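Contents: one structure, followed by commentary.
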Amino acid sequence: MFGYLGKRALHSVVSVLGLLVLVFFLTRLTGDPSYLFLPLDATPQAREAFSALHGFDQPLYIQFFNYLGDLLHLDFGESLRQNRSAMEVALEAFPQTLKLAVMAIFLAGALALVVGSLAAAKPGSLFDRFASLVSLAGASAPDFWVAIVGILVFAVSLDLLPTSGTGSAAHWIMPIGVLMLRPFGLLVQVVRGTMIGALSSPYVKTARAKGVRRQKIIFSHALRNSLLPVITVAGDLATSLVNGAVVVESVFGWPGIGKLMIDAIIQRDFAVVQSTVLVTACAIFILNIAIDILYAVLDPRIRYQTS
Amino acid sequence: MRNKGALSKIALAVLLASTASPALAQGGANNITIVLPEQPSNLEPCGSILTDVGQVLSQNITEPLTVIDPKDGTPQPKLATKWERVNDTTWRFHLRDGVKFQDGKEFNAEAVAFTLKRMTGGAFTCNNLAKFGSAKLSVTPVDKLTVDIKTEKPEPILPALLSVAMMVSPATPADKAVNDPVGTGPYKLNTFTPQTVVLDRFDGYWGKTPDIAKATYVWRGESSLRAAMVQTGEAQLTPTIAIQDATNPKTDFSYLNSETTAIRIDTEQPPLNDVRVRKALNLAIDWQGMAELFGTDVLRASQMVVPGINGHNPDLKPWGYDPDQAAKLLAEAKADGVPVGTTIKLIGRNGIYPNGNEGLEAMMTMWEAVGFDIDLTMLDVADWTRYLQKPFPQERGPNLLQIMHDNNKGDAAFTVPIFYHSSGQYATFSDPKVDTLIGEALNATDTGRTKAFQEIFSEVHDRIAVDIPMFHMIGYTRVGESLDWRPNLTTNSEIPLAEIRLKK
Chain A
1 MFGYLGKRAL HSVVSVLGLL VLVFFLTRLT GDPSYLFLPL DATPQAREAF
51 SALHGFDQPL YIQFFNYLGD LLHLDFGESL RQNRSAMEVA LEAFPQTLKL
101 AVMAIFLAGA LALVVGSLAA AKPGSLFDRF ASLVSLAGAS APDFWVAIVG
151 ILVFAVSLDL LPTSGTGSAA HWIMPIGVLM LRPFGLLVQV VRGTMIGALS
201 SPYVKTARAK GVRRQKIIFS HALRNSLLPV ITVAGDLATS LVNGAVVVES
251 VFGWPGIGKL MIDAIIQRDF AVVQSTVLVT ACAIFILNIA IDILYAVLDP
301 RIRYQTS
Chain B
308 MRNKGALSKI ALAVLLASTA SPALAQGGAN NITIVLPEQP SNLEPCGSIL
358 TDVGQVLSQN ITEPLTVIDP KDGTPQPKLA TKWERVNDTT WRFHLRDGVK
408 FQDGKEFNAE AVAFTLKRMT GGAFTCNNLA KFGSAKLSVT PVDKLTVDIK
458 TEKPEPILPA LLSVAMMVSP ATPADKAVND PVGTGPYKLN TFTPQTVVLD
508 RFDGYWGKTP DIAKATYVWR GESSLRAAMV QTGEAQLTPT IAIQDATNPK
558 TDFSYLNSET TAIRIDTEQP PLNDVRVRKA LNLAIDWQGM AELFGTDVLR
608 ASQMVVPGIN GHNPDLKPWG YDPDQAAKLL AEAKADGVPV GTTIKLIGRN
658 GIYPNGNEGL EAMMTMWEAV GFDIDLTMLD VADWTRYLQK PFPQERGPNL
708 LQIMHDNNKG DAAFTVPIFY HSSGQYATFS DPKVDTLIGE ALNATDTGRT
758 KAFQEIFSEV HDRIAVDIPM FHMIGYTRVG ESLDWRPNLT TNSEIPLAEI
808 RLKK
């Protein structure tokens with residue numbers, strides 16, 4: 001197992017380095033930051049001075065080698081706009097996104113397991129139809145629209161929740177609610193599908209014949225065997241959330257890494273783009289390892305080998 | 308079973324840890340929350356001309372020597388009480404006595420010298436320096452409260468220019484931009500985090516004690532959300548909401564925001580080098596219909612500065628809507644061999660202002676209706692800037708460029724040279740008479756200066772028809788019912804907290 005993890009880590013380091021090289025050159029293709037950083041009426045001399053100050057006047061390969069040299073010293077550069085270390089900016093934003101993502105995926109997963117399992121227990125029943133309708137609506141409703149309607153209903157009309165921002169526990173309800181809608185919808189569908197398969201398996205029939213209680217059959221026997229596909233889909237969804245929930249972060253004023261990354265790309269704040277990509281890439285690498293380990297825990301037949 | 312218990316505990320711990328961050332500073336009779344459209348990138352006083360920085364810093368933490376009166380564009384005393392011109396290239400400023408920075412250091416001539424040296428030192432990028440163009444400053448303290456500022460060339464509007472020079476404590480690092488500014492303003496910085504900026508009233512302020520004790524700034528991109536935050540009482544003020552969100556006459560106020568929209572004509576390229584073609588472009592547009600796109604409060608523009616800016620010509624009438632006359636002028640030009648059928652590229656900038664794309668599509672249709680062949684292209688800001696500034700792209704062909712210009716600095720000198728002088732960064736034409744007039748205007752003072760700029764606007768509008776001024780734009784601000792404050796021409800660049808009063 002440790003050998004496998006070591007090999008997987010090595011692959012990931014190579015991937016992350018490749019990604020950083022790619023991001024370095026792709027960001028430079030977007031153009032000269034001085035046009036976005038300086039006022040439109042800045043003189044050509046001011047633009048030249050700006051480029052010289054930040055090394056953008058150097059040939060691209062020199063800039064790249066300087067960047068690699070700085071990386072070796074763990075110097076990820078300064079944010080052009082924020083006047084501080086780009087990595088500091090990224091690391092400040094990432095925990096905000098991580099907390100939101102963890103809670104949304106945890107709640108969505110837990111709820112989906114219950115709803116999906118109960119729906120699968122009696123396919124075609126009223127509850128099953130209702131669960132399908134709700135999950136389809138959740139999976140397809142646009143985040144932006146749901147967020148705005150949520151604000152209008154719960155904050156403006158009913159005055160039950162704050163419109164946006166961070167601070168109290170109440171500030172978390174709407175962002176998490178909106179963020180978990182799509183994962184919940186998708187996971188209910190997956191759980192229902194795999195559970196219907198599992199509940200028609202011979203071992204379930206045997207358990208029924210032996211008089212095991214219905215709830216135990218569903219939640220102890222069938223659910224555990226249905227979890228692998230659910231973990232795969234949940235892992236994908238968690239990866240996309242860890243990457244940043246841009247819409248939710250934007251609408252609710254959540255200071256996460258998704259919005260930070262998009263803003264940095266738009267503003268050509270290269271060092272911040274590179275730092276946010278590095279942080280999220282590392283997080284996704286760790287998440288993938290965790291999912292692999294979870295597979296092995298859930299299904300003892302799965303064992304990872306180094307060769 | 309034990310595993311399930313552990314999982315529940317972990318989940319509970321995550322929930323509690325996640326929600327245990329400190330609450331926002333809100334509430335309190337003298338405390339207000341202002342919700343801005345975007346996060347301040349930084350709090351460097353040298354970047355205060357940028358809206359996101361200036362709306363927090365200017366007149367609150369930092370103050371300049373002079374401020375521009377939004378009513379008539381004249382420089383008024385702030386940290387300088389008076390000033391006089393010693394000779395063509397030297398101005399003498401007399402400084403306010405008894406002023407202290409928020410760190411306790413004294414404001415004096417040495418502090419002015421330090422600030423201006425820091426601005427012009429080149430150790431970091433100073434955006435505010437853009438307003439000075441190529442002007443080079445040298446500062447000489449005469450005595451403790453008097454300072455001489457010398458320029459290489461005569462600079463009649465130096466007092467107005469200095470309205471963007473925010474005085475900072477001599478303890479401020481001179482070699483790098485900062486996020487913890489210390490100025491002489493009525494508020495000092497408490498905290499600046501990725502979620503809020505908090506300012507506290509500065510008890511040692513030289514002026515009148517403001518009503519507001521604490522101001523918390525938060526930011527939300529969505530206009531409807533900002534409006535809702537003021538409506539629900541989560542915030543008390545938000546600048547720049549969209550017209551469709553300005554629905555409450557008790558709290559929503561419109562104001563002329565110093566921005567002027569226009570289409571720049573590339574007069575070097577045929578058929579746009581013919582004045583009849585340029586006039587036809589102006590006459591072909593249904594301006595009343597266009598105004599509905601941008602809000603009925605917008606003001607039809609005849610020139611690139613708003614009323615209230617020194618040099619604005621109130622007698623200049625905007626072009627009207629006369630498609631028949633436009634078609635006639637085009638026919639005349641065609642008869643004289645002007646290639647009026649050439650495809651003209653109409654270049655827009657994505658997101659330049661609300662309904663900007665729709666406006667261009669409407670104009671394209673109206674131009675084509677009188678006989679023009681227009682090809683609309685939308686660009687992002689970097690590509691668009693290539694067409695805006697010299698050197699222009701070699702193979703650009705005949706083109707019309709969507710632009711918006713902001714001048715709230717009191718004087719047409721911040722507009723005219725850059726647009727209309729043959730060496731101007733945005734100028735696509737060269738007219739010796741206009742060049743001469745601009746030279747005279749820049750060196751003139753008082754009413755002579757005003758008249759000179761007015762004549763230039765008249766020349767470029769009536770005789771040369773060098774561009775297509777569209778509208779002086781309107782901004783909308785929502786102000787909570789507990790506050791007594793109205794936005795004005797300067798609101799896009801500053802929101803002076805000391806001017807906000809609490810209703811009794």
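Heads up: the protein sequence lines correspond to chains A and B, in order. Take 1 as the starting number for the first sequence in our numbering and just add one per residue. Take 308 as the starting number for the second sequence in our numbering and just add one per residue. For every residue, glycine included, the Cβ atom is placed at its ideal position computed from N, Cα and C. Keep in mind it's a predicted model, so treat the numbers as computed, not measured.
What do you reckon, are the CB atoms on residue i and residue j nearer than 9 Å?
i	j	result
valine 504 of chain B	lysine 495 of chain B	no
serine 135 of chain A	glycine 116 of chain A	yes
asparagine 714 of chain B	threonine 567 of chain B	yes
arginine 533 of chain B	alanine 520 of chain B	no
methionine 474 of chain B	phenylalanine 414 of chain B	yes
isoleucine 654 of chain B	leucine 686 of chain B	yes
proline 803 of chain B	asparagine 349 of chain B	no
proline 377 of chain B	alanine 608 of chain B	no
leucine 287 of chain A	valine 16 of chain A	no
glycine 615 of chain B	proline 382 of chain B	no
Which residues in chain A sit within 8 Å of residue i, going by Cβ to Cβ distance?
i	result
valine 525 of chain B	Gly165, Gly253
valine 374 of chain B	Within 8 Å Cβ-Cβ: nothing; valine 374 of chain B doesn't reach chain A, min ~20 Å.
With residue i as the anchor, note down where its alpha helix (DSSP H) starts and where it stops.
i	result
threonine 308 of chain A	What the structure shows of chain A is the stretch from 1 to 307, and residue 308 of chain A is not part of that stretch, so it cannot be assessed.
isoleucine 616 of chain B	That residue, isoleucine 616 of chain B, is in no alpha helix (DSSP H); it is neither H nor E in DSSP.
glutamine 63 of chain A	60-72
valine 156 of chain A	From DSSP, valine 156 of chain A is part of no alpha helix (DSSP H); its letter is neither H nor E.
phenylalanine 778 of chain B	Here phenylalanine 778 of chain B belongs to no alpha helix (DSSP H); instead the beta strand (DSSP E) covers 774-786.
aspartate 236 of chain A	223-242
In chain B, which residues lie with their C-beta within 9 Å of the C-beta of residue i?
i	result
arginine 28 of chain A	Going along chain B, no residue has its Cβ under 9 Å from arginine 28 of chain A, so there is no contact; the nearest lies around 12 Å.
serine 250 of chain A	Arg527, Gly528, Glu529
aspartate 143 of chain A	Chain B residues near aspartate 143 of chain A: none, gap ~13 Å exceeds 9 Å.
Residue i touches chain B at which residues, Cβ-Cβ below 7 Å?
i	result
alanine 42 of chain A	Ala437
alanine 155 of chain A	Ala535, Thr539
proline 162 of chain A	Glu541
glycine 258 of chain A	By Cβ distance, chain B contributes nothing, its closest Cβ being about 13 Å from glycine 258 of chain A, past 7 Å.
Hey, residue i and residue j are a contact pair by Cβ (cut 8 Å); roughly how many whole angstroms apart?
i	j	result
threonine 396 of chain B	proline 493 of chain B	That belief does not hold up - the Cβ atoms of threonine 396 of chain B and proline 493 of chain B are roughly 34 Å apart, past 8 Å.
glutamine 709 of chain B	glycine 618 of chain B	That belief does not hold up - the Cβ atoms of glutamine 709 of chain B and glycine 618 of chain B are roughly 24 Å apart, past 8 Å.
serine 800 of chain B	isoleucine 356 of chain B	7 Å
proline 794 of chain B	proline 546 of chain B	7 Å
leucine 898 of chain B	isoleucine 572 of chain B	With chain B running from 308 to 811 in the structure shown, residue 898 of chain B is simply not present.
Express the C-alpha separation of residue j and residue i in angstroms, rounding to a whole number.
i	j	result
serine 200 of chain A	phenylalanine 127 of chain A	19 Å
serine 765 of chain B	isoleucine 651 of chain B	26 Å
threonine 558 of chain B	valine 786 of chain B	5 Å
alanine 535 of chain B	leucine 152 of chain A	8 Å
serine 531 of chain B	leucine 563 of chain B	21 Å
glycine 193 of chain A	glutamine 96 of chain A	33 Å
isoleucine 550 of chain B	phenylalanine 94 of chain A	35 Å
valine 847 of chain B	tyrosine 4 of chain A	In this structure chain B extends from 308 to 811, so residue 847 of chain B is not present and cannot be described.
serine 730 of chain B	leucine 80 of chain A	30 Å
threonine 447 of chain B	aspartate 455 of chain B	5 Å
leucine 636 of chain B	glutamine 267 of chain A	44 Å
phenylalanine 64 of chain A	aspartate 70 of chain A	10 Å
lysine 451 of chain B	glutamate 417 of chain B	7 Å
valine 723 of chain B	leucine 606 of chain B	20 Å
lysine 810 of chain B	threonine 784 of chain B	18 Å
alanine 110 of chain A	tryptophan 254 of chain A	24 Å
glutamate 675 of chain B	glutamate 668 of chain B	11 Å
leucine 237 of chain A	leucine 223 of chain A	20 Å
Is it the case that the CB of residue i approaches a heavy atom of the ligand MN more closely than 8 Å?
i	result
valine 297 of chain A	Here there are no bound small molecules, and the ligand MN is not part of this structure.
Can you name the start and end residues of the beta strand (DSSP E) that residue i belongs to?
i	result
glutamate 566 of chain B	559-572
proline 382 of chain B	382-384
phenylalanine 499 of chain B	494-499
tyrosine 524 of chain B	521-526
Closer than 9 Å by beta-carbon distance: list the chain A residues that pair up with residue i, in chain order.
i	result
valine 485 of chain B	Asn83
threonine 432 of chain B	Ser34, Phe37, Leu38, Ala46, Ala49, Phe50, Leu53, His54, Leu80
leucine 695 of chain B	Leu40
Listing by chain order, which chain A residues have their CB less than 7 Å from the CB of residue i?
i	result
proline 501 of chain B	Glu92, Ala93, Pro255
asparagine 349 of chain B	Arg81, Gln82, Asn83
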